[in-house]
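Chemist:
Residue numbers (this note's numbering), protein chains in the order written: chain A, 278 to 389; chain B, 112 to 221.
(1) Do residue 134(B) and residue 113(B) have their CB atoms nearer than 8 Å?
(2) Do residue 136(B) and residue 203(B) have their beta-carbon atoms positioned less than 8 Å apart in this structure?
(3) Mind listing, in chain order, the continuous beta strand (DSSP E) runs of no fewer than 3 residues lying wholly within the region 114 to 145 of chain B?
(4) So is residue 324(A) in contact with chain B if we call contact Cβ pairs under 8 Å?
(5) Any beta carbon from chain D within less than 8 Å of residue 170(B)'s own beta carbon?
(6) May I have the straight-line CA-CA distance separating residue 316(A) from residue 120(B), to the nearest angstrom?
(7) Taking the DSSP output, what are the residues bridged to residue 282(A)?
(8) List in chain order: all unbroken beta strand (DSSP E) runs of 3+ residues lying wholly within the region 145 to 177 of chain B.
(9) Can you tell me the Cβ-Cβ gap for residue 207(B) and residue 325(A), rounded? I've got them flagged as a contact below 8 Å.
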């Protein structure tokens with residue numbers, strides 16, 4: 278257990294669906310991250326939040342919409358996804374940006 | 112854009128031997144270099160990290176070396192054990208930016 282939990286662990290959705298991924302950290306950290314991990318590709322940083330403010334948005338399509346209501350919770354809202362969006366989505370947190378990151382177990386997303 | 116290259120992509124070593132994984136980075140402003148281990152079905156877990164003001168760091172069987180001039184850093188695992196089998200990722204980071212290498216699948220042969 279790393280202190281970072283993600284739900285759901287598995288998700289199958291159609292291209293017209295809307296769903297949300299949830300991440301919660303119990304570590305008192307100030308920074309939270311969303312990553313995409315596809316087969317045979319490096320971990321791709323999607324979004325970074327520091328003290329509930331978005332500080333990085335790495336050219337992610339608008340069909341992915343993050344939300345950070347407080348420093349313990351992070352959401353990734355999904356709508357009209359494409360099959361190539363199928364991947365493992367990992368959440369992480371750190372005390373501050375540029376510090377050691379603690380990862381959750383990920384959500385395995387399949388878009389049909 | 113900035114990138115991190117990691118080699119080799121797969122590595123098989125005899126139990127008890129050493130394993131070395133190498134990374135190079137392009138962003139000269141990077142100042143934090145973590146190494147993560149990812150086991151099947153789990154998220155990455157930090158195993159060791161090094162900052163730009165240090166050339167080498169060791170933690171039991173694991174060591175990391177950094178050459179800032181050449182923009183190289185390496186992970187060394189000695190006396191490998193079966194539980195070391197996993198995928199290892201290097202990363203180069205500054206403030207909120209972090210770029211990961213493509214990973215090395217390490218297998219330990221009994």
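A virtual CB, placed ideally from N, CA and C, is assigned to each residue, including glycine.
Modeler: From the atom records:
(1) no
(2) yes
(3) 115 to 118, 121 to 125, 130 to 136
(4) By this cut-off, residue 324(A) is not an interface position.
(5) Within the model displayed, chain D is absent; protein chains A and B are what it includes.
(6) 13 Å
(7) According to DSSP, residue 282(A) bridges with 301(A).
(8) 156 to 162, 167 to 170
(9) 5 Å
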